[in-house]
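Undergrad:
2 protein chains.
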Amino acid sequence: MNATSTPKKITVRFEPIGAEIRVDSPISVMLAAAEAGIALEHPCGGLGVCGKCIVRVRGNHVEHSQADQHLLSPEELEQNCFLSCQTVLTGDTVIECQAGRETESGLVVIHGVNAPIELKPRVRRVRLEIPPPSLSDQRSDATRLLYAVKQAGILADRVHLSCLQTLPQILRDNQWRVSVICREGEIISVDPVGDDRRILGVAVDVGTTTVVTSLNDLETGEELSVRGAANEQLVYGQDVISRVNITLDQKSGIHQLQEKIIQTVDRMIESMLEETGYPSDSIYLVQAVGNSIMQQLFMAIDPAPIAITPFVTAVSGLLQFPAHTIGLESARHSQISVSPVIAGYVGGDIVADILATGIHQARHPSLLVDIGTNAEIVLGNKDRLMACSSPAGPAFEGGHIFHGMRGIPGAIEAVWVEDDTIHLKVIGDGDPVGICGSGLIDALAVLLHLEVVDETGRLRARDDFAGPEWIRERMGPFKKGHSFCLTCEEQKPIRITDKDVRALQLAKGAVQAGIRILLDQWGISLEELDSIFICGAFGSKINPVTAQQIGLIPPIVLEKVRFLGNTAHIGAKRMLLSDKELNMGVFISEKVCYFEVSGHPSFQDLFGLSLGFGRKWDLL
Amino acid sequence: MNATSTPKKITVRFEPIGAEIRVDSPISVMLAAAEAGIALEHPCGGLGVCGKCIVRVRGNHVEHSQADQHLLSPEELEQNCFLSCQTVLTGDTVIECQAGRETESGLVVIHGVNAPIELKPRVRRVRLEIPPPSLSDQRSDATRLLYAVKQAGILADRVHLSCLQTLPQILRDNQWRVSVICREGEIISVDPVGDDRRILGVAVDVGTTTVVTSLNDLETGEELSVRGAANEQLVYGQDVISRVNITLDQKSGIHQLQEKIIQTVDRMIESMLEETGYPSDSIYLVQAVGNSIMQQLFMAIDPAPIAITPFVTAVSGLLQFPAHTIGLESARHSQISVSPVIAGYVGGDIVADILATGIHQARHPSLLVDIGTNAEIVLGNKDRLMACSSPAGPAFEGGHIFHGMRGIPGAIEAVWVEDDTIHLKVIGDGDPVGICGSGLIDALAVLLHLEVVDETGRLRARDDFAGPEWIRERMGPFKKGHSFCLTCEEQKPIRITDKDVRALQLAKGAVQAGIRILLDQWGISLEELDSIFICGAFGSKINPVTAQQIGLIPPIVLEKVRFLGNTAHIGAKRMLLSDKELNMGVFISEKVCYFEVSGHPSFQDLFGLSLGFGRKWDLL
Ligand code: FES
Ligand code: FES
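Chains as they are written, first to last, in the numbering used here: chain D, 38 to 657; chain L, 38 to 657.
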């Protein structure tokens, strides 16, 4: 009896929409909704902290999570209200959407380095008093306007046609005193002085799983609102490769995927505007970042060649275009800017990571690691930047692991030994139904510590193990190999198999080899590193100690290791708020020396050397 | 009984459209249609040479014109077919449109100087073979495309998003051999080699009365088709000032006027595309020129301040924008370029005139005169350019003249003395119903020659005239003054009154004063002029000898006077076909030193001195 290996299909029905899908059990309501193509609001990105993603659940016995207890009122609890992101479904269910309270301001905890930023947005407002024309000064309205703007210290050399159309009247009706908004050398709006409309911009991090947006005041840098939500493309598959496959299978695939992500972002922006009360046309800029495939899908650019050798993007430079060209209705008057990328598997999100961590300005080299299906690794300082992408595979996300699952309620997220027994921490505090990435790293560290797994990665047979009985009794043959059971008698058995250990070993080997090849290319030892930045959602959940024990993080003093969370969004915001940062992003994308590891012999060698679990790295 | 002074109203009904209007009689079908907002096709611009503007006329006795006899078949003549541009209505009529033959290629006689042009269009095609990517060369598709374009000698630094979307597939499906189209530094289309779509551009001269368009091959410079048609804005008034008044009277006036001109141009472009069989998306560029008010109305830019002191345009520089921003559906994928202007009353059409005549490249100074309600005058050579606009008033267009009318059928277009009698030439060869500009100039010259008008401009009373009886009998008191009758007994009397003479005197005085003030500012005598170019439709119809006799054209050897017709369209074509010419247009617009005559004392002095009919100009 094993719910993960041969997942039971359950039927989930969403009311009042009437959508019904059959999904693998267990699944959170949040993901089930995404797969049904229904955008539930998840302001905090499913972290279980905002208490906004309220649904009512009928028909299936579900336990309230700790977050439910914490964030919902007694009435709500009694009325079968649940937090969508914290609620795992195990049987047929009817979900009533919009059953909750009115939502207030979202709350997303975003950590990051984020050095102070010099506000220098591409959109600027200036108030002008322009000398009126006369028979001896017949320069055109546009000429005198541009001259006045220039005198105010703003570079602009043209006026948008939509402004010109009403320019003569606005100037004369307001005695030549106007408030002017310029964007990238172009005057895009001329209004009476006293019109105090705010100049807003949106930063978007288009993640494969989660999208984060923020609404920002471009004149003050203030973040007015922020949202996190599931990428509605999840309907079409969990990882980038399955999305690319959609584009290959169906002629309209690219457009379907674009529609989903535009829809996601549109809903998030609309929600932020609704919360803050600003109109759509106060958004002048949108800065988007994402991995190369996500960025291309955002713009409906065929992503297929990124997925196959030689892994080439359609475009690597900065792109800027009016919002209507991609149909982003929520910010229809804005200009969209999409980050440059470094390579097919080192995208605009990594450019943003670099900007957020500031490693490109540091004197001493630091390492930046963003672990997902691919681990993007950057090594650099102000003089030099190198990057590679190492094929870690899905093991750290629970993929191809016997009891693996993503980090949703029911997943074992931490494992440790105390008092001669195995302790588990389960997301949502219910019974364990599987194990996610951070749990797997802990588990592997425990098995290494207990010498159940040896330095070569072999999970010993019970007969081959001479240790204490409380360990031995968890060991045993499984399928054609061996396994170790994490759970105790009365729980559903969650096992780590020798195949799982092998998968994790390959994954950490890939990351390690990627790090080592950059250190090797640079000619630097671990000790010389100033910091190691672990970026991305996954990184913020792992235990640095166990990650170091299994060799995923290099063996340096832990003070040097910094876990930063969603740095991609922070970097996007920097590009949004400062022209200098955007230019720096372009500079970085061109400056980074990309090292392609695929098929490279020295990477293969290092990969072989990186498979073991010894803590010695410096054999270069 | 006088049809012109108190014009009879007649009803004209257009079938099968069902539109009905009441208009002043006499009126040509062409203008009646324009006033009814119906776009009849007039491929040759109403010159009566193409034979395409066939309509059937019912209910009102109309004579066939000479052009009808010449261009229509006997069957058509019998079936009451008429050429719309040559047919003058004098009573209630029903017009059947689309009663004629299938139209073939249009025929417009366009004269002009038009020096050989170096083809250097803003849109270029290049065929490329691009090295495919590999693991050791992972540059993005866009990067390698831009690099190949650069190697082919074309400057381009970006790829339009619509191209990027399909770029990966097109490159790979065609083994990296593609045909690329670039516009102004941007790659706008990537197609398989062998796709031989032509790269076309449209030149548009937006005249107040007539619009001329041509369809041109940007790679060969070949003119594929040309059209002339009435500006549908005529519905809202004959001259620019009455159109500006519409924008002041009605809030939506600007947009109504824009709609009319866009409709006019749309129909003309569609007709050219239909004739040549090319699709709309082969039009990549549209180059428009016109006077400042027409240009602003074309773009829906408020033109009101141009019409009142200090006569300021909203914009003077070159404007470029995508066609969809002004709704030009017939060329919806094109980029529109609107000429820079020199001043409120020296517009993009004069910039085009200068380009077409080439005075800006000549060693010796020449004079350029474009006569309409305002006379635009340019004096210049390669080193220096000066311009002014002199308020000639509508007299030369037949406005404010007792029997005045525009140059349409029924108008006296030439007057001369032979064998002691007055000879008249009437447009359309029917009975005279009025007199147009060229006829007025001739008539005034005749009156000066016969000494009926003296050098001060006084039309003598009959008693005050001692000349032969055949002259005296045409003279006589009229209203509170005197008049001279041009027609003979059996014809409707067409008189020149002393007030008419005064109006013409003021008009020619204004032109003369404008010319003289520029010569004065420059410090040059008439004899030193290399040429005098008379531009525009009006200029191509006047008799240079009589124009010189009344002092409208300076007294220099007639070989130096050149009548060029529609140079504005020719100049627009030059800007369309060559980037160099467009840049030259921008340069000219900035270089021309504009002299504002309004309220200028030295212009007033010269104006006074220019009223007489003596032939001495050089009293400077
Ligand atoms: S609690 Fe915030 S999304 Fe669920
Ligand atoms: S004959 Fe050509 S327009 Fe009438």
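Each residue gets a CB set at the ideal place from its N, CA and C atoms; glycine is no exception.
#1: For L/Leu356, which residues from the same chain have a beta carbon less than 6 angstroms from its beta carbon, with the 5 sequence-adjacent residues on both sides left out?
#2: What first and last residue would you give for the alpha helix (DSSP H) that runs through D/Cys200?
#3: Touching or not, the region 438 to 452 of chain D and the region 542 to 550 of chain D, by the rule of three or more beta carbon pairs under 8 angstroms?
#4: For D/Ile363, report the span of its beta strand (DSSP E) as first-last.
#5: Residues of chain D with CB under 9 angstroms from L/Ser635, in chain order?
#6: Give the secondary structure of L/Glu565 by DSSP, where H, G and I count as helix, E and B as strand, and everything else as coil.
#7: What residue range is occupied by the uninterrupted alpha helix (DSSP H) comprising D/His486?
#8: Name the one or two DSSP bridge partners that D/Ala48 has.
#9: Chain L partners of D/Ser353, CB-CB under 8 angstroms?
#10: Under a Cβ-count criterion, where at least 16 other Cβ atoms within 10 Å of its own Cβ denotes burial, should D/Asn253 be classed as buried or exposed?
#11: Which same chain residues end up closer than 6 angstroms to D/Gln33 when comparing Cβ atoms and leaving out the 5 residues on each side of it in sequence?
#12: Closer than 6 angstroms by C-beta to D/His519: which residues in its own chain qualify, once you throw out the five before and the five after it? Chain order, please.
#13: Per DSSP, what kind of secondary structure is D/Ser442 in: helix, strand or coil?
#14: Just to confirm before moving on: does the CB-CB distance between L/Ile343 and L/Ile363 stay below 8 angstroms?
#15: Which whole runs of the beta strand (DSSP E) in the region 534 to 601 of chain L are 3 residues long or more, in chain order?
#16: Excluding the five sequence neighbours on either side, which residues of its own chain have a C-beta within less than 7 angstroms of the C-beta of D/Gln558, listed in chain order?
#17: Using the beta-carbon of each residue, which ones in chain D are nearer than 8 angstroms to L/Ala380?
#18: CA-CA distance, L/Ala584 and L/Asp456?
#19: If we define contact as Cβ-Cβ less than 8 angstroms, is D/Ile338 a contact residue for chain L?
#20: Along the chain, which unbroken stretches of the beta strand (DSSP E) at least 3 residues long are found entirely within the region 179 to 226 of chain L?
#21: With burial defined as no fewer than 16 other Cβ atoms inside 10 Å of the residue's Cβ, what is the status of D/Ile459: buried or exposed?
#22: Indicate the three-state DSSP secondary structure (helix, strand or coil) for D/Ser121 in the structure shown.
#23: How many Å lie between L/Gly471 and L/Leu481 at the Cα?
#24: Does L/Val49 come within less than 8 angstroms of chain D when only Cβ atoms are used?
#25: Taking 8 angstroms as the cut-off, decide whether the C-beta atoms of D/Val598 and D/Ile554 are in contact.
#26: Using a cut-off of 9 angstroms between C-beta atoms, extract the partners of L/Phe358 located in chain D.
#27: Please name the residue, chosen from L/Val463, L/Leu485, L/Asp468, that lies closest to L/Ser475 on a Cα-to-Cα basis.
#28: If you run the structure through DSSP and keep just helix, strand and coil, what is D/Leu496?
#29: Would you check if the distance between the CB atom of L/Ser426 and the CB atom of L/Val383 is smaller than 8 angstroms?
#30: What residue ranges within the region 232 to 296 of chain D form continuous alpha helix (DSSP H) runs of no fewer than 4 residues, ordered along the chain?
#31: So, does the region 527 to 541 of chain L touch the region 432 to 443 of chain L, judging by three or more C-beta pairs under 8 angstroms?
#32: How about L/Val163 and L/Val186: are their beta carbons less than 8 angstroms apart?
#33: For a test of the three-state rule: what should DSSP assign to D/Ser317, helix, strand or coil?
#34: Mind checking if D/Phe570 is an interface residue toward chain L, Cβ cutoff 8 angstroms exclusive?
#35: What is the DSSP secondary structure of L/Ala503, reduced to helix, strand or coil?
#36: Tell me the DSSP secondary structure of D/Met621 in three-state form.
TA: In terms of the structure at hand:
#1: Position 319 of the second sequence, counting from 1, holds the residue named residue 356 of chain L. Scanning its chain for C-beta atoms nearer than 6 angstroms, with the 5 sequence neighbours on each side dropped, one finds around L/Leu356 the residues Val375, in chain order.
#2: On the first sequence, residue 200 of chain D is found 163 positions in, with the first residue counted as 1. Unbroken alpha helix (DSSP H) run through D/Cys200: 198 to 201.
#3: no
#4: Numbered from its first residue, the first sequence carries residue 363 of chain D at position 326. That residue, D/Ile363, is in no beta strand (DSSP E); it is neither H nor E in DSSP.
#5: Translated into the one-based positions of the second sequence, residue 635 of chain L becomes position 598. Per Cβ cutoff of 9 angstroms: Leu172.
#6: On the second sequence, position 528 is the one that residue 565 of chain L refers to. DSSP places L/Glu565 in helix when its eight states are reduced to three.
#7: Taking the first residue of the first sequence as position 1, residue 486 of chain D is located at position 449. 474 to 486 is the span of the alpha helix (DSSP H), which, as asked, contains D/His486.
#8: Locating residue 48 of chain D in the first sequence gives position 11, where the first residue counts as 1. Checking the sequence, you will find Thr at residue 48 of chain D rather than Ala. Answer is D/Arg59, bridged to D/Thr48.
#9: As a working mapping, residue 353 of chain D is identified with position 316 in the first sequence. Result: Arg176, Ser177, Ala179, Thr180.
#10: For the purposes of this step, residue 253 of chain D is taken as the residue at position 216 of the first sequence. Buried, because 16 or more other Cβ atoms sit within 10 Å of the Cβ of D/Asn253.
#11: In the structure as shown, chain D begins at 38 and stops at 657. Residue 33 of chain D is therefore absent and cannot be evaluated.
#12: By 1-based counting over the first sequence, the position of residue 519 of chain D is 482. Excluding residues within five positions, the ones whose Cβ falls inside 6 angstroms are Leu496, Ala498, Asp535.
#13: Counted from its first residue, the first sequence places residue 442 of chain D at position 405. Residue identity differs from the one stated: residue 442 of chain D is Met in this sequence, not Ser. Coil at D/Met442, not helix or strand.
#14: Here residue 343 of chain L corresponds to residue number 306 of the second sequence, with the count starting at 1. Here residue 363 of chain L corresponds to residue number 326 of the second sequence, with the count starting at 1. Going by beta carbons, L/Ile343 and L/Ile363 fall outside the 8 angstroms limit.
#15: 569 to 572
#16: Position 521 of the first sequence, counted from the start, is the residue given in the question as residue 558 of chain D. Shown here for D/Gln558: same chain residues with a beta carbon closer than 7 angstroms to its own, the five before and five after excluded, namely Met423, Phe632 in chain order.
#17: Translated into positions along the second sequence, residue 380 of chain L becomes position 343. Simply Gln175.
#18: Counting from one through the second sequence, the residue named residue 584 of chain L turns up at place 547. Counting from one through the second sequence, the residue named residue 456 of chain L turns up at place 419. If you take the alpha carbons of L/Ala584 and L/Asp456, they lie about 22 angstroms apart.
#19: Numbered from its first residue, the first sequence carries residue 338 of chain D at position 301. So, interface residue.
#20: Taking only runs of at least 3 residues, the beta strand (DSSP E) segments lying wholly in the region 179 to 226 of chain L are 214 to 220.
#21: Along the first sequence, one-based indexing puts residue 459 of chain D at 422. By the 10 Å Cβ count, D/Ile459 comes out buried.
#22: Within the first sequence, the letter at position 84 stands for residue 121 of chain D. In the structure shown, D/Ser121 sits in a helix (DSSP, three-state: H, G or I).
#23: In the second sequence, the residue the question calls residue 471 of chain L occupies position 434. In the second sequence, the residue the question calls residue 481 of chain L occupies position 444. Distance between the alpha carbons of L/Gly471 and L/Leu481 is about 15 angstroms.
#24: For the purposes of this step, residue 49 of chain L is taken as the residue at position 12 of the second sequence. L/Val49 does not count as touching chain D.
#25: Within the first sequence, residue 598 of chain D is the residue found at index 561, counting from 1. Within the first sequence, residue 554 of chain D is the residue found at index 517, counting from 1. Result no, Cβ atoms of D/Val598 and D/Ile554 do not sit closer than 8 angstroms.
#26: On the second sequence, residue 358 of chain L is found 321 positions in, with the first residue counted as 1. Residues of chain D passing the Cβ test: His197, Leu198.
#27: Sequence index remark: in the second sequence, residue 475 of chain L carries index 438 (1-based). Ranking L/Val463, L/Leu485, L/Asp468 by Cα distance to L/Ser475 puts L/Val463 first.
#28: Locating residue 496 of chain D in the first sequence gives position 459, where the first residue counts as 1. Three-state result, D/Leu496: strand.
#29: In the second sequence, counting from the first residue as 1, residue 426 of chain L sits at position 389. In the second sequence, counting from the first residue as 1, residue 383 of chain L sits at position 346. Their beta carbons are under 8 angstroms apart, which means L/Ser426 touches L/Val383 by this criterion.
#30: The DSSP assignment places 277 to 286 as complete runs of the alpha helix (DSSP H) inside the region 232 to 296 of chain D, in order along the chain (cut-off: 4 residues).
#31: yes
#32: Walking along the second sequence from the start, residue 163 of chain L turns up at place 126. Walking along the second sequence from the start, residue 186 of chain L turns up at place 149. A contact, by the Cβ cut-off of 8 angstroms.
#33: Residue 317 of chain D sits at position 280 when you count from the first residue of the first sequence. Helix, per DSSP.
#34: Numbered from its first residue, the first sequence carries residue 570 of chain D at position 533. Answer no: the Cβ-Cβ gap between D/Phe570 and chain L never drops below 8 angstroms.
#35: Counting from 1 along the second sequence, the entry for residue 503 of chain L is found at position 466. In the structure shown, L/Ala503 sits in coil (DSSP, three-state: anything other than H, G, I, E or B).
#36: Position 584 of the first sequence, counting from 1, holds the residue named residue 621 of chain D. Note: D/Met621 maps to helix in three-state DSSP.
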